[in-house]
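Below: the structure, in structure tokens.
There are 2 protein chains.
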Amino acid sequence: MSEPKVTIADVAREAGVSKGLVSFALNDRPGVSAESRIRILEIAERLGWTPSLRARSLSTRRSFALGLVIARDPEVLGSDPFFPSFIAGVETVLAPQGLALVLSVVPDEKTEMRTYRSLVSDGRVDGVFLSDLRHNDPRIPLLQELGLPAVTLGRPDTQSPFPCISVDDTPGVAETVRYLISLGHRRIAHVAGSPALLHGSRRRAAFDNALSEAGLPAGQSIETDFSVAAGADAARRLLTQASPPTAIVFANDPMAIAGLGVAHELGLRVPDDVSITGFDDIDFTRYVFPALTTVRTAPSDWGRAAGRTLLDLMALGTAPDVDLPAGRLVIRGSAGTPLRP
Amino acid sequence: MSEPKVTIADVAREAGVSKGLVSFALNDRPGVSAESRIRILEIAERLGWTPSLRARSLSTRRSFALGLVIARDPEVLGSDPFFPSFIAGVETVLAPQGLALVLSVVPDEKTEMRTYRSLVSDGRVDGVFLSDLRHNDPRIPLLQELGLPAVTLGRPDTQSPFPCISVDDTPGVAETVRYLISLGHRRIAHVAGSPALLHGSRRRAAFDNALSEAGLPAGQSIETDFSVAAGADAARRLLTQASPPTAIVFANDPMAIAGLGVAHELGLRVPDDVSITGFDDIDFTRYVFPALTTVRTAPSDWGRAAGRTLLDLMALGTAPDVDLPAGRLVIRGSAGTPLRP
DNA sequence: TGCGTCTTCTGAACCGGTTTAGGCAAACCT
DNA sequence: AGGTTTGCCTAAACCGGTTCAGAAGACGCA
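So the protein lines, in turn, are chains L and D. The C-terminal position of the first sequence is numbered 341 in UniProt numbering, with every residue numbered one higher than the one before it. The C-terminal position of the second sequence is numbered 341 in UniProt numbering, with every residue numbered one higher than the one before it.
Here it is, written out as structure tokens:
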């Protein structure tokens with residue numbers, strides 16, 4: 001229970017060597033004979049010594065922890081399973097290295113910036129993950145100024161010194177639109193995510209492009225904040241118009257599921273009266289009715305890639321960008337041939 | 001950018017006093033004259049000094065961080081918005097104190113126990129939140145042995161030295177069952193959560209009780225792991241029987257939403273053919289069709305209460321249990337009068 | 001005036017590692 | 001043989017705070 005915690009001095013004394021040598025042996029650095037190294041490690045093992053993280057932190061000026069600051073309305077956060085999966089993915093690479101993840105959930109951008117500053121001035125973390133990239137993201141110059149290694153989740157639209165993990169959403173959106181067109185849809189609308197968020201505006205641009213490439217006129221788009229409530233509102237507006245779209249492409253699954261609910265509520269059949277597609281392929285999509293046609297993404301792959309990249313960056317001082325394979329369309333029941341085109 | 005980080009020694013030199021006195025002034029402890037204190041703090045301010053968390057950690061043997069270890073399948077984790085809200089609640093009390101939250105998401109119980117051990121042996125955290133309480137929870141004796149302060153989320157079924165934050169699920173479940181009975185339902189089934197989890201088995205017991213108190217025969221119950229997939233399976237089994245229930249009480253909302261999907265898929269109308277209720281009132285419930293009748297709980301209140309209690313426990317050595325107000329039934333469209341009772 | 005007490009403050013030890021300058025042999029030159 | 005290199009190791013400084021024993025001065029009191 002309360003054994004007086006064995007320290008490096010105990011190990012050194014027991015082995016009849018200096019503290020320094022124990023330290024060298026532990027971090028296997030040159031200048032220790034093979035026998036000594038083995039003997040020291042054996043004694044450390046026997047004494048049950050684990051080097052004090054705190055002491056190590058102080059002398060090495062590292063904290064052995066990585067940070068993730070999430071600035072989202074808890075409500076939006078709750079309906080989006082991205083982060084749990086992402087974090088689970090990150091952990092698979094952090095845990096074996098003995099690194100911890102420090103998580104902050106903050107309500108607004110101002111608090112967010114303050115949080116980064118205090119993470120740094122407290123020396124709480126050795127690096128951070130930058131998620132939900134925004135246009136002209138102020139966090140990038142901030143972190144650069146603070147000298148904190150970072151990895152961005154998504155490709156920034158500004159000059160950035162940090163490696164990024166990104167995936168091109170264009171093919172997924174394009175595939176969705178082409179699929180809908182092949183089913184006979186001509187009036188296709190888009191419920192976009194937040195235009196302030198890069199993946200929000202990029203998915204929207206991909207949607208516009210796909211339509212024009214198919215030679216169709218621009219479709220209706222409604223901007224939202226990615227929340228379920230906003231998705232429902234948008235769906236209601238679209239579907240109660242004089243001549244409503246026959247298909248709606250939602251920028252994420254939670255909004256699409258809300259759209260499904262709205263369609264049902266309005267007495268519309270899905271997909272006969274309106275086709276609905278989502279984005280992300282969250283767990284729910286398989287179990288709503290009709291099951292949601294959507295684009296599969298892999299948040300835990302993001303996590304793993306981001307974790308590895310950040311580790312590389314910190315160890316090597318540089319790390320290459322990672323391009324994750326684009327999401328593919330998963331065809332289920334929520335999109336079909338329009339009854340009245 | 002890379003100012004050579006001002007330390008306590010700089011402040012002491014500038015103020016013409018000893019390091020010790022600066023430390024005393026900072027932690028406002030007796031033995032410092034009012035003038036000195038003011039002058040020192042002013043100089044600290046001017047120099048932009050923030051005491052090094054790392055040095056502080058080493059000498060005080062505290063880490064100024066709290067831990068949360070989540071042992072859940074990422075898939076289940078993703079569809080349940082409890083943790084994001086809970087964490088947001090926790091942060092509101094940690095952040096002002098300068099405390100950080102260290103999060104671990106682990107795949108299984110063995111890793112979980114190992115994680116607690118290493119959090120302690122690394123001195124990574126000063127206390128932890130124990131969520132998803134299980135029967136005869138092995139984490140309680142473990143943490144007791146490790147001497148780590150903890151707060152349990154839910155009332156343990158064994159002797160526990162830790163304060164707990166709990167809410168009685170019984171009234172919510174009972175209210176739901178009574179409501180269904182009042183609508184005319186007699187064959188009511190329950191899709192229970194994991195029996196290994198305390199809230200899973202307690203909600204089930206509440207269900208059984210409510211039926212027997214109403215003088216009805218025991219209803220069907222199916223155990224699940226709280227996952228969306230399991231909820232869908234259970235619903236399918238229940239609804240494809242010879243004489244299916246007219247109402248199903250699900251132990252959480254994600255499963256209930258899956259149940260809604262299954263009912264639709266089977267061509268059943270909700271609530272005419274089958275009524276469905278959930279538990280937790282997650283964001284989605286308002287936007288599925290029909291909107292889900294469920295029991296409202298407040299995860300961020302749990303977070304705040306748990307945070308405060310853990311702080312009290314660490315500061316005072318003891319803290320009282322907290323009983324959160326029981327969840328109330330929120331009536332929406334998914335439950336109604338059975339057409340064929 | 002002398003003595004005890006209180007307040008304010010200092011110096012040094014301490015937390016538990018890492019790191020650097022340097023000592024001492026043994027091995028390697030030529 | 002003498003000088004240099006090399007390998008292994010030690011002692012001490014250092015990271016930046018906290019804490020404790022005790023010094024110095026102010027004050028009260030007999």
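Just so you know, even glycine gets a beta-carbon here, dropped at the ideal spot from N, CA and C.
Can you tell me whether GLY193/L is buried or exposed? The criterion is at least 16 other CB atoms within 10 Å of its CB, across all chains shown.
Within the first sequence, the letter at position 193 stands for residue 193/L. Per the 10 Å Cβ criterion, buried.
Anyone know if the C-beta pair for GLY147/D and LEU313/D falls short of 9 Å?
Mapped onto the second sequence, residue 147/D falls at position 147. Mapped onto the second sequence, residue 313/D falls at position 313. Contact flag unset, no.
Top-ranked residue by Cα proximity to PRO96/D, from ALA88/L, THR111/L, ILE87/L
In the second sequence, the residue the question calls residue 96/D occupies position 96. Checking every option, the nearest Cα to that of PRO96/D belongs to THR111/L.
Please tell me whether, using a cut-off of 8 Å, the distance from the CB of PRO299/D to the nearest non-hydrogen atom of the ligand FMN is below it.
As presented, the structure is devoid of all ligands, the ligand FMN included, so that no description of it is given.
Please confirm if SER57/D has its CB atom under 9 Å from at least one CB of chain L.
The residue given as residue 57/D occupies position 57 in the second sequence. Cβ-Cβ to chain L under 9 Å: yes for SER57/D.
For GLY200/D and LEU153/D, I'd like the C-alpha separation in whole angstroms.
Along the second sequence, one-based indexing puts residue 200/D at 200. Along the second sequence, one-based indexing puts residue 153/D at 153. Each residue's alpha carbon lies about 13 Å from the other.
For SER79/L, return the contacting residues in chain D, with the cut-off set at a CB-CB distance below 8 Å.
Residue numbering aside, residue 79/L sits at position 79 when the first sequence is read from its first letter. The contacting residues are PRO81, ILE282, ASP283, PHE284.
Distance between beta carbons of THR297/D and THR277/D, contact taken as under 8 Å
Against the second sequence, residue 277/D aligns to sequence position 277. Against the second sequence, residue 297/D aligns to sequence position 297. Not confirmed; about 14 Å, so no contact.
Judging by CA-CA distance, which residue of ILE165/D, HIS185/D, VAL249/D is the nearest neighbour of residue 347/D?
Past the edges of chain D, shown from 1 to 341, lies residue 347/D, and the structure says nothing about it.
What residues of chain L sit near GLY278/D, judged by a beta carbon separation below 8 Å?
To locate residue 278/D, count along the second sequence from 1; it is residue 278. Taking a Cβ-Cβ cut-off of 8 Å, GLY278/D has no neighbours in chain L, whose nearest Cβ is about 13 Å from it.
Cβ of HIS264/L within 9 Å of any chain D Cβ
Taking the first sequence and counting its residues from 1, the one referred to as residue 264/L is at position 264. Taking Cβ atoms only, chain D reaches closer than 9 Å to HIS264/L, which makes this a yes.
ILE40/D in three-state terms, based on DSSP
Locating residue 40/D in the second sequence gives position 40, counting from the first residue. It is helical.
Counting along the chain, where does the beta strand (DSSP E) carrying residue 403/D start and finish?
With chain D running from 1 to 341 in the structure shown, residue 403/D is simply not present.
Given that a residue counts as buried once 16 or more other Cβ atoms are within 10 Å of its Cβ, and exposed if not, what is THR176/D?
Mapped onto the second sequence, residue 176/D falls at position 176. Label assigned to THR176/D: buried.
Does DSSP put ARG124/D in a helix, in a strand, or in coil?
Position 124 of the second sequence, counted from the start, is the residue given in the question as residue 124/D. If DSSP states are grouped into helix, strand and coil, ARG124/D belongs with coil.
Checking 9 Å against the spacing of the C-beta atoms, do VAL330/L and THR285/L come in under that value?
Looking up residue 330/L in the first sequence gives position 330. Looking up residue 285/L in the first sequence gives position 285. It is a contact, given that the beta carbons lie within the stated cut-off.
Do you know whose CA, among ALA242/L, PRO245/L, LEU292/L, lies nearest GLY261/L's CA?
Working through the first sequence from its first residue, we reach residue 261/L at position 261. Checked all of ALA242/L, PRO245/L, LEU292/L; the closest Cα to GLY261/L is LEU292/L.
So, for ARG202/D: in the same chain, excluding its five sequence neighbours on each side, which residues have a beta-carbon less than 7 Å away from its beta-carbon?
Translated into positions along the second sequence, residue 202/D becomes position 202. If we look at ARG202/D and ignore the five residues flanking it on each side, its Cβ neighbours are ASP169.
Taking its Cβ as the centre, do 16 or more other Cβ atoms sit within 10 Å of ALA315/D, making it buried, or is it exposed?
On the second sequence, position 315 is the one that residue 315/D refers to. By the 10 Å Cβ count, ALA315/D comes out exposed.
Between ALA12/D and chain L, is there a C-beta pair that is closer than 9 Å?
By one-based count along the second sequence, residue 12/D stands at place 12. For ALA12/D, the answer is no, since every Cβ of chain L falls outside 9 Å of its Cβ.
Suppose you measure from the CA of GLY78/D to the CA of ILE282/D; what does that come to, to the nearest Å?
Taking the first residue of the second sequence as 1, we reach residue 78/D at position 78. Taking the first residue of the second sequence as 1, we reach residue 282/D at position 282. Rounded to whole angstroms, GLY78/D to ILE282/D spans 13 Å at the Cα level.
Just to confirm the assignment, what range does the beta strand (DSSP E) spanning ARG296/L have?
Here residue 296/L refers to the residue found at position 296 when the first sequence is read from its first residue. Segment 294-296, the beta strand (DSSP E) holding ARG296/L.
Determine, for PRO107/D, whether the minimum Cβ-Cβ distance to residues of chain L falls below 9 Å.
Translated into the one-based positions of the second sequence, residue 107/D becomes position 107. Look at PRO107/D: its C-beta is under 9 Å from a C-beta on chain L.
Name the one or two DSSP bridge partners that ASP108/L has.
Reading the first sequence from its first residue, position 108 is the one you call residue 108/L. BP columns for ASP108/L are empty, so no partner.
Could you pull the DSSP bridge partners for ILE248/D from this structure?
The residue labelled residue 248/D in the question sits at position 248 within the second sequence. In DSSP, ILE248/D forms a bridge with ALA189/D, ILE276/D.
Span separating the alpha-carbon of GLN241/D from that of ALA258/L:
For the purposes of this step, residue 241/D is taken as the residue at position 241 of the second sequence. For the purposes of this step, residue 258/L is taken as the residue at position 258 of the first sequence. If you draw a straight line from the Cα of GLN241/D to the Cα of ALA258/L, it comes to about 30 Å.
Between the region 127-147 of chain D and the region 51-67 of chain D, do at least 3 Cβ pairs fall closer than 8 Å?
Using a Cβ-Cβ distance cut-off of 8 Å, the region 127-147 of chain D and the region 51-67 of chain D are in contact, since at least three pairs of beta carbons, one from each stretch, lie closer than that value.
Grab me the residues of ASP108/D's own chain with a C-beta within less than 8 Å of its C-beta, minus the 5 sequence neighbours each way, in chain order.
Mapped onto the second sequence, residue 108/D falls at position 108. Taken in chain order, the residues that qualify are ALA71.
In the DSSP assignment, the beta strand (DSSP E) including GLY67/L goes from what residue to what residue?
Position 67 of the first sequence holds residue 67/L. Here the beta strand (DSSP E) through GLY67/L covers 65-71.
What's the gap between the Cα of LYS5/D and the Cα of VAL11/D?
What you label residue 5/D is simply residue 5 of the second sequence in a count that begins at 1. What you label residue 11/D is simply residue 11 of the second sequence in a count that begins at 1. Spanning the two alpha carbons is a distance of roughly 12 Å.
Hey, would you say ALA210/L sits closer than 9 Å to ARG178/L, going by beta carbons?
Residue 210/L sits at position 210 when you count from the first residue of the first sequence. Residue 178/L sits at position 178 when you count from the first residue of the first sequence. A contact, by the Cβ cut-off of 9 Å.
Through-space distance from GLY20/D to VAL32/D, alpha-carbon basis
As a first step, residue 32/D must be located in the second sequence, where it is residue number 32. As a first step, residue 20/D must be located in the second sequence, where it is residue number 20. Computed Cα separation, rounded: 10 Å.
Residue(s) in a DSSP beta bridge with ALA205/D:
Working through the second sequence from its first residue, we reach residue 205/D at position 205. DSSP lists no partner for ALA205/D.
Interface residues of chain L facing PRO74/D [CB-CB closer than 7 Å]:
In the second sequence, counting from the first residue as 1, residue 74/D sits at position 74. Correct list: PRO84, SER85, ALA88, SER300.
Under the rule that 16 or more other beta-carbon atoms within 10 Å means buried, what is ALA34/D, buried or exposed?
What you label residue 34/D is simply residue 34 of the second sequence in a count that begins at 1. The residue is exposed, with fewer than 16 neighbouring Cβ atoms inside 10 Å.
Give the DSSP-derived three-state secondary structure of ARG332/L in the structure shown.
Position 332 of the first sequence holds residue 332/L. DSSP places ARG332/L in coil when its eight states are reduced to three.
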